[in-house]
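For the record, the sequence lines run as chains A and B. Residue numbering for the first sequence follows this note's numbering, starting at 1033 and increasing by one per position. Residue numbering for the second sequence follows this note's numbering, starting at -14 and increasing by one per position. All residues carry an ideal CB built from backbone N, CA and C; glycine is no exception. A quick write-up on the structure given underneath.
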Amino acid sequence: MQVNWEIRENTMHIYLTGELDHHAARTVLEQAGQAVDGNLPMRCVLNLSGLAFMDSSGIAVVLGIHRRLKAYGGELKISGIPAQAMRVLHTAGVDRLVSII
Amino acid sequence: MKILNELKMEFDSRSVNEGLARSAISQFAAQLDPTLEELGDIKTAVSEAVTNAIVHAYPEHIGRVWLRVRVLEGGVLELVVRDRGVGIPNLDEARLPMYTTGGADRAGMGFTIMDSFMDTLKVRSDQGKGTTVTMRRRVLPRSFR
Ligand SMILES: Nc1ncnc2c1ncn2[C@@H]1O[C@H](COP(=O)(O)OP(=O)(O)OP(=O)(O)O)[C@@H](O)[C@H]1O
Ligand SMILES: [Mg+2]
């Protein structure tokens, strides 16, 4: 599992690559959390197009990043969601909580 | 229902085995020629059940997890995930969406996902003895799609 990020035009882009399960979740949240906390972006896009798999452990990661941004008034959007991850996010109602682009 | 094929696995409740369980099940399920969506649903459901056994069943130590998958007559895939862990005191409550004893690390959506991704979900649990999750999903033959 890999976490990469960059800032372009005042927006932080976080890219997750690999299988986001319970085994990977802690490190992913730590790394993404550090990126957010160290830069405090007002806008953040979580790009999931590199995910080969995601289960409910990934929901907690997405919501964790969402909470961190919201704590200081930042905004999270999710993009590039593969079909399997979309079914998981939709079943959990995450698509009603975080905007998808 | 007649059993056409069977695979059994037994492993330590270590998180590194979650991916192993998923790939074994998805290779076994391939004989039913599932669509990508069917395969994704099956992998997700098995990941949820195995993760629960790893996260919740043995809070104090590393225990064992048993996984059995069968192909039944009529293109039905049956998955059984079993642990000999702490058990679930109140099953009705545990199966509710967003119910979790895992705090902010967990969403409480595992059972809800197993329920909606599989055709049937049965959970049996005895406190102090362990939990058995049985799920079935029919994979449609290509000619019926
Ligand atoms: N094998 C198990 N042994 C003991 N308790 C379990 C087991 N499986 C589930 N539970 C209990 O049932 C609750 C609900 O399980 P469920 O999978 O729906 O959510 P979760 O695991 O808490 O969160 P998520 O699956 O979203 O990461 C768990 O929080 C736990 O208390
Ligand atoms: Mg769970």
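Cβ neighbours of L(-11)/B within its own chain (closer than 6 Å, five residues either side excluded): V56. In terms of beta-carbon proximity, I98/B lines the interface with chain A, with at least one pair separated by less than 8 Å. Contacts with chain A (Cβ-Cβ distance below 8 Å) from the stretch -4 to 29 of chain B involve S0, V1, E3, G4, R7, L21, E22, G25, D26, K28, T29, listed in chain order.
Per the DSSP secondary-structure output, Y1047/A pairs in a beta bridge with N1036/A, N1079/A. Put simply, the stretch 85 to 95 of chain B does not touch the stretch 109 to 117 of chain B. Fewer than three CB pairs are less than 8 Å apart. With a cutoff of 8 Å on beta-carbon distance, K(-13)/B and E63/B are scored as not near each other. Residue range 105 to 111 is occupied by the beta strand (DSSP E) that includes R109/B.
In this structure, the CA atom of T86/B is about 16 Å from the CA atom of T116/B. Chain order gives no chain A residues near G70/B, where near means a beta carbon separation below 7 Å; the closest approach is about 15 Å. Rounded to the nearest angstrom, the gap between the Cα atoms of N37/B and L1061/A is 19 Å.
Of V1093/A, V1068/A, A1103/A, the smallest CA-CA separation from V1120/A is found for V1093/A. Excluding five sequence positions before and after A79/B, the CB atoms of its chain that fall closer than 6 Å to its own CB belong to I73, given in chain order. V1068/A and L1095/A do not touch by the CB rule: their CB atoms are close to 13 Å apart, not below 8 Å. G115/B has D111/B as its beta-bridge partners, per DSSP.
For N37/B, the CB falls within less than 7 Å of some heavy atom of ligand 2. Contact annotation for I39/B against chain A: H1054 [CB-CB distance below 8 Å, chain order]. For L52/B, the closest of D68/B, R121/B, L24/B by C-alpha to C-alpha distance is D68/B. DSSP places M1086/A within a strand segment (E or B) once states are collapsed to three.
Between the alpha carbons of I27/B and V61/B lies a gap of roughly 12 Å. Judged by their CB atoms, V124/B and L5/B are not nearer to each other than the 8 Å cut-off. Closest in C-alpha terms to P44/B, from the list G95/B, S11/B, R(-1)/B, comes R(-1)/B. Note on D(-3)/B: under 16 other CB atoms within 10 angstroms of its CB, so exposed under the neighbour-count rule.
Here S1131/A has K1109 as same chain residues with Cβ atoms under 6 Å from its own Cβ, once five neighbours each way along the sequence are excluded. Interface with chain B (8 Å Cβ-Cβ cutoff): V1120/A is included. Taking the CA atoms as reference points, Q1116/A sits about 8 Å from A1084/A.
Contact of G1096/A with chain B by beta-carbon distance below 8 Å involves A89.
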